[in-house]
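Engineer: Can you keep this structure in mind? I'll have questions shortly.
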Amino acid sequence: TPVIRVAIAGYGNLGRGAQAAIKQSPDMQLVCVFSRRDPASVTLIDPSVPVYAMDDVAQYKDDIDVLILCGGSKSDLPEQGPAFAGLFNIVDSFDTHAKIPEYFAALDAPAKKANKVAMLSVGWDPGLFSINRLYGEAILPVGETYTFWGKGLSQGHSDAVRRVGGVKSGVQYTLPSEPAMARVRNGEQPTLTTREKHTRECYIVLADGADADTVRNTIVTMPDYFVDYDTKVHFIDQQTFESEHGKMPHGGFVIRSGVSGMDNETNNQVLEFSLKLGSNPEFTASVLVAYARATYKMSQAGETGARTVLDVAPGLLSPKSPAQLRKELL
Ligand SMILES: NC(=O)C1=CN([C@@H]2O[C@H](COP(=O)(O)OP(=O)(O)OC[C@H]3O[C@@H](n4cnc5c(N)ncnc54)[C@H](OP(=O)(O)O)[C@@H]3O)[C@@H](O)[C@H]2O)C=CC1
Ligand SMILES: N[C@@H](C[C@H]1CC(C(=O)O)=NO1)C(=O)O
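Spelled out as structure tokens, the structure:
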């Protein structure tokens, strides 16, 4: 089986996780890392590959089979996704749910024109949780679906707060409502608003001279990320930040509570998929790398344009052949 030549664009939490995940993938070779920073200032967890300037990506278009975009969804991917989809097969973790349809269209046109595949919104939510919401609705059409996250650190929301003027360091934790989860688990099938399901807590180190009230207000009113939630913002010093907020655990579950059978003899059915993540970014990067494999295969089969995880046959994720999978996993 051919070795898939991959590269990483953007070297943060996800970028580091992608390098580690590629090292676990014998059918892949990491060609290089691209960064907007001075390449000499970017320290890789494994310095065995070169770091190049992001502006030079086009020079390497014939050396890379799949480019893994590890930038932030709030402001990096909206610019990098459409630009790189016209040059490479790409895979990214774009997770601003409300903007996925427009982002899909923004990738589809350049990817089709370049005869490439652009695999967007790969990860766990959107991603594996999306797949399980689909299973739930397709298999149990009479029922309700619920998604709960945390308690844990959201990379997307943390990236978003780090982009706020006056923020030096920042993370965001998502907390699920225990009463809401209890009602779902005992089969009440409640109608829950966004605000009733989760709250959000941010821990921020202010840049010198920044105004705390201005930063707090910018965060809690932020469309798509915080405005629909009750959000607390705590200001701490850098030393506390580094000692107490270095780990990035997360997790959650999708539950479909439904019924089957004829009207007067229905049976309750529950489909549930859960994740417990010691490292949110490393898990997400592992999903990106598996879908980079599928993206490569789909491109080799002649597919072009934008795709999401809902378009990918599961067998394409595996390095094993279809015959091996039938033998081992069916
Ligand atoms: N779909 C899903 O389930 C998930 C999606 N995500 C998405 O992944 C995105 C990326 O998350 P994450 O990797 O944690 O974001 P980071 O903030 O760690 O990195 C984002 C970008 O910032 C730049 N950067 C990183 N470190 C530094 C630094 N020290 N100084 C200056 N710039 C830096 C890098 O670009 P450069 O190298 O070019 O400077 C990097 O690509 C999130 O925004 C989220 O949307 C994350 C988890 C799950
Ligand atoms: N995209 C999320 C992955 C999950 C976590 C989450 C949240 O805590 O709001 N929503 O979806 C992330 O960036 O971590």
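Start counting at 1 in the sequence shown, then tack on 9, and there's your number in the working numbering.
Yeah, the Cβ is synthetic: ideal placement off N, Cα and C, and Gly gets one too.
Rank 154, 21 and 237 by C-alpha distance to the C-alpha of residue 50 and give the top, closest one.
Structural biologist: The candidate whose alpha carbon is nearest that of residue 50 is 21.
Engineer: What are the boundary residues of the alpha helix (DSSP H) that includes residue 75?
Structural biologist: No alpha helix (DSSP H) holds residue 75; the beta strand (DSSP E) holding it covers 75-78.
Engineer: How big is the Cα-Cα spacing for residue 158 and residue 185?
Structural biologist: For residue 158 and residue 185, the distance between alpha carbons rounds to 6 Å.
Engineer: According to DSSP, which residues form a beta bridge with residue 50?
Structural biologist: Beta-bridge pairing links residue 50 to no other residue.
Engineer: Name, in chain order, the residues that DSSP records as bridge partners for residue 35.
Structural biologist: Note: residue 35 sits in no beta bridge, so no partner.
Engineer: Just to check my reading of the structure: residue 179 and residue 170 have Cβ atoms closer than 8 Å, yes? What is that Cβ distance to the nearest angstrom?
Structural biologist: Contact flag correct, Cβ pair sits at about 4 Å.
Engineer: From the DSSP secondary-structure annotation, give me the bridge partner or partners of residue 63.
Structural biologist: Answer by DSSP bridge pairing: none, since residue 63 is not bridged.
Engineer: So for residue 312, helix, strand or coil by DSSP?
Structural biologist: Looking at residue 312 - three-state DSSP - the assignment turns out to be coil, as it is neither helix nor strand.
Engineer: Looking at residue 24 and ligand 2, is the gap between the Cβ and the nearest heavy atom below 6 Å?
Structural biologist: Residue 24: no, Cβ never under 6 Å from ligand 2.
Engineer: Given a threshold of 16 other Cβ atoms within 10 Å of its Cβ, counted over all protein chains shown, does residue 231 qualify as buried or as exposed?
Structural biologist: Label assigned to residue 231: buried.
Engineer: Would you mind working out which of 39, 207, 41 and 129 sits nearest residue 182, comparing C-alpha positions?
Structural biologist: The candidate whose alpha carbon is nearest that of residue 182 is 207.
Engineer: Looking at residue 305 and ligand 1, is the gap between the Cβ and the nearest heavy atom below 6 Å?
Structural biologist: Flag unset: Cβ of residue 305 not near ligand 1.
Engineer: In angstroms, rounded to a whole number, what distance separates the CA positions of residue 234 and residue 163?
Structural biologist: Taking the straight line from one Cα to the other gives about 11 Å.
Engineer: Buried or exposed, going by whether 16 or more other CB atoms sit within 10 Å of the CB of residue 247?
Structural biologist: Residue 247 comes out exposed.
Engineer: Would DSSP call residue 128 helix, strand or coil?
Structural biologist: Residue 128 falls in the strand class under three-state DSSP.
Engineer: Does the Cβ-Cβ distance between residue 13 and residue 300 come in under 7 Å?
Structural biologist: Contact: no.
Engineer: Can you give me the C-alpha to C-alpha distance between residue 156 and residue 81, rounded to a whole angstrom?
Structural biologist: Taking the straight line joining both Cα atoms gives about 23 Å.
Engineer: When the Cβ atoms of the segment 87-96 are set against those of the segment 109-126, are three or more pairs found closer than 8 Å?
Structural biologist: Yes, they touch.
Engineer: Among the residues of its own chain, which have a CB less than 7 Å from the CB of residue 173, if the five just before and after it don't count?
Structural biologist: Only 224, 227 and 228 meet the Cβ criterion.
Engineer: With residue 262 as the anchor, note down where its beta strand (DSSP E) starts and where it stops.
Structural biologist: Residues 259-269.
Engineer: Going by beta carbon distance, what residues of the same chain come within less than 6 Å of residue 146, once the five residues before and after it are set aside?
Structural biologist: Around residue 146: no qualifying Cβ.
Engineer: If contact is defined by three or more beta carbon pairs under 8 Å, each pair taking one atom from either stretch, is the segment 271-280 in contact with the segment 251-260?
Structural biologist: Short answer: they don't touch.
Engineer: Should residue 152 and residue 119 be called a contact, given that it needs their Cβ atoms to be closer than 7 Å?
Structural biologist: Not closer than 7 Å, so no.
Engineer: By alpha-carbon positions, which one of 25, 56 and 16 ends up nearest to residue 39?
Structural biologist: The candidate whose alpha carbon is nearest that of residue 39 is 16.
Engineer: For a minimum of 3 consecutive residues, which ranges assigned as the beta strand (DSSP E) are wholly contained in the segment 86-117?
Structural biologist: Counting only runs of 3 or more, we get 98-100.
Engineer: How many Å lie between residue 222 and residue 167 at the Cα?
Structural biologist: Going from the Cα of residue 222 to the Cα of residue 167 covers about 18 Å.
Engineer: Return the bridge partner residues of residue 298 from the DSSP annotation.
Structural biologist: Beta-bridge pairing links residue 298 to no other residue.
Engineer: Which value, in whole angstroms, describes the spacing of the CA atoms of residue 57 and residue 282?
Structural biologist: Going from the Cα of residue 57 to the Cα of residue 282 covers about 37 Å.
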